[in-house]
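Take a look at the structure below.
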Amino acid sequence: GTTTPNRVTFISNLPIRLGQFVNLRYEENNKENILLGMVIDVRRENTFINENLKNLDNVERLKRESSKDTKVIGEIQILGEIVDKGNEVFLQMQRVPPLPASEVLKANPEVLKKLFGAKSEKHIRIGRLLAEEEEIPVYVDVEQIVLRHLAILAITGAGKSNTVSVLLENIVNLNGTVVVFDFHGEYTKSEIKRDGKNVVKVIKPVVDPTTLNIRDFAKLIGIQRNATTQFRYFKVAVDRILKNMREEKGEDWKRWVETGEFFERLKDELESWLDDENENVPIKGKIREDSLYEVINKIDDTLDELSHIIKVGAKDLMEVIEPTKINVFDLSEVDENVADAIVSNILKHALDERKKAVRGKDSKLRYPMLMVVEEAHILAGDKKDTDSKYYMTRIAREGRKFGLGLCIVTQRPKGLDKEVLSQMNNMIILKLVEPEDQKHVQSASEALSSELMSYLPSLNPGEGIIIGNMTKLPLLVKIDKAKGKLQGNDIPVVKLWSEAKEKRGDLDALNDV
8 GTTTPNRVTF
18 ISNLPIRLGQ
28 FVNLRYEENN
38 KENILLGMVI
48 DVRRENTFIN
58 ENLKNLDNVE
68 RLKRESSKDT
78 KVIGEIQILG
88 EIVDKGNEVF
98 LQMQRVPPLP
108 ASEVLKANPE
118 VLKKLFGAKS
128 EKHIRIGRLL
138 AEEEEIPVYV
148 DVEQIVLRHL
158 AILAITGAGK
168 SNTVSVLLEN
178 IVNLNGTVVV
188 FDFHGEYTKS
198 EIKRDGKNVV
208 KVIKPVVDPT
218 TLNIRDFAKL
228 IGIQRNATTQ
238 FRYFKVAVDR
248 ILKNMREEKG
258 EDWKRWVETG
268 EFFERLKDEL
278 ESWLDDENEN
288 VPIKGKIRED
298 SLYEVINKID
308 DTLDELSHII
318 KVGAKDLMEV
328 IEPTKINVFD
338 LSEVDENVAD
348 AIVSNILKHA
358 LDERKKAVRG
368 KDSKLRYPML
378 MVVEEAHILA
388 GDKKDTDSKY
398 YMTRIAREGR
408 KFGLGLCIVT
418 QRPKGLDKEV
428 LSQMNNMIIL
438 KLVEPEDQKH
448 VQSASEALSS
458 ELMSYLPSLN
468 PGEGIIIGNM
478 TKLPLLVKID
488 KAKGKLQGND
498 IPVVKLWSEA
508 KEKRGDLDAL
518 NDV
């Protein structure tokens, strides 16, 4: 038959698994050539049994009589020529098609272990090869994850939380620093241990609004980007109050002013503009009372709803990030606008601080860091214009130079901004069923072939495809079970029903007394 340098058809009497690694062996010019390939298509065929058979008895008879004539047929993608240097194995690009009728063998497990095993301390174990009978550990390059970024994509229940756990567990065991943005409180009760001690630090974000840029401050209190009049009034009032505070109490005015007092002064300033006799109104022209009252009402709402996360004089969020730990910002009690204001602020300052560190200046983030954005479609949605998406894109483009990595996690890939997703040069893709999700991911990643994509709907929980700079080849992998698993957000329905039954029984017993 015909062969090509990257693909061949095979026939076998023995069963071969989809995704299995095989060796192609042949001799040419007095040299033995051994190639590594992966089975990308496989089917069984018996020429005696075809669709023209109508009689069931004939089918059963032919099945018995022609069982030895059943063949396994499929396609192998050639990955390269195996070069074994003893302690190291690598693949060399195959430029010449292998000889037709080359021998196809199971891949040597020891060669696979060398190929996909740990090469240095920067390699972390993520799982094992899915289609191999013998356990072949798979290691990935954690430096490439930080420097080239990572997307973890899957439907709900496919094993995202466990995958994140395995990744973070390995990173903190290398004394790495991680920040996680947690929208549903999944991480708040979790434990990941190093040397017997929990290294998950849960942070309830408390923000000093006066340190935010004015756009983020306005967003924090609910002023929409298109509300230009409200924003203008708010900005002028804030600038005036900050100026007055410094003049009255000095540069360290925050030591003497409570949060409530600051906002009361802000409201008083705005309300004073309604006084016709006030000659110090800083706004030229007629005041739009409806817009002014909207701003005042939003300040009142902010004090009622966000008093637990707003505090004048609060510690800089960069200073609460602890090196060598998993720093979890719990955003479960705020809405999307507030989350955007907080997350974008942290992303912006993290990039600024890492730039300072690399340039030899004083920095609050002296060490490389990975930032994990859970539910990434919320703040980096395809049709959303958020500040967080802007800074995610900035980090995706610039972070490599400054040791700042980004990991986005979502169960809705089709909802993700394509530019952000395409900047994730590494991917762990677990089960994806929807064709739109698959197409969106494939269009963002050149490494995801149609053959690999066809596996996605049939993967079991914890099984996935890993692609990108962190691995030598696209691989089908069974992800390890994390030792300190993060808590998923599934409710134990049956267990809670059982508890309800027990409580009802207790109440019935009391009523019978």
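Start counting the sequence shown at 8; every next residue gets the next number (my numbering). All C-beta atoms, glycine included, are put in the ideal place defined by N, C-alpha and C. Here the structure is a predicted model, which means the values were calculated and not measured.
Distances from the CA of G475 to each of V46, L428, T393 and L31 were compared; the closest alpha carbon is that of L428. In the structure shown, S197 falls within a coil segment according to DSSP collapsed to helix, strand and coil. By the C-beta criterion, the region 222-231 is judged to be in contact with the region 345-355, since at least 3 inter-stretch pairs fall below 8 Å. As for any alpha helix (DSSP H) of minimum length 4 sitting wholly inside the region 284-344, the runs are 296-312 and 324-327, ordered along the chain. Ranked by Cα distance from G124, the options E141, A114 and V147 are led by V147. In this structure, L480 lies near L86, with their beta-carbon atoms less than 8 Å apart.
According to DSSP, F188 shares a beta bridge with F336 and V380.
F28 is the residue among W260, V319 and F28 whose C-alpha sits nearest the C-alpha of V118. The Cβ atoms of N177 and V149 sit closer than 8 Å to each other. For E360, the number of other beta carbons within 10 angstroms of its own is at least 16, and it is reported as buried.
Taking 8 Å as the upper bound for CB-CB distance, L386 and G183 are not in contact here, some 23 Å apart.
Below 8 Å, enough C-beta pairs join the region 298-318 and the region 208-215 to call them touching: three or more.
Judged by DSSP secondary structure, D369 falls outside any beta strand (DSSP E); it is assigned neither H nor E. Burial is judged here by how many other beta carbons sit within 10 angstroms of a residue's own beta carbon; Q231 has fewer than 16 and is exposed. With the rule of 3 Cβ pairs closer than 8 Å, the region 248-262 does not count as touching the region 193-203. In the DSSP assignment, G422 forms no beta bridge with any residue. Taken through DSSP and simplified to helix, strand or coil, V448 comes out as helix. When C-alpha distances from G26 are compared across S461, P330, W504 and K490, the shortest belongs to S461. The DSSP-derived three-state label of H356 is helix. For a cut-off of 8 Å, the C-beta gap from S19 to V79 is around 4 Å, short enough to register as a contact. With respect to G192, S339 sits close: the two C-beta atoms are nearer than 8 Å.
For Q237, the enclosing alpha helix (DSSP H) covers residues T235 to K256. Of the residues assessed, M434 falls on the buried side of the cut-off, its CB having 16 or more other CB atoms within 10 angstroms.
Between N30 and L112, the C-beta spacing is below 8 Å. Under the three-state reduction of DSSP output, L463 falls in the helix class. A Cβ-Cβ distance of about 5 Å is found for the pair F241 and V302, placing them in contact under the 8 Å criterion.
Cβ neighbours of V440 within its own chain (closer than 7 Å, five residues either side excluded): I162 and P464. Residues K242 of the same chain have their beta carbon placed closer than 6 Å to that of I221, with the five preceding and five following residues left out of the count. Rounded to whole angstroms, the gap between the alpha carbons of V153 and A364 is 16 Å. Closest option to L21, judged by alpha-carbon separation, among R272, G81 and D389: G81. The count of Cβ pairs closer than 8 Å, one atom from the region 451-459 and one from the region 409-419, stays below three, leaving the stretches out of contact.
The Cβ-Cβ distance between S450 and K421 does not fall below 8 Å. Between Q430 and A403, the CB-CB gap stays under 8 Å.
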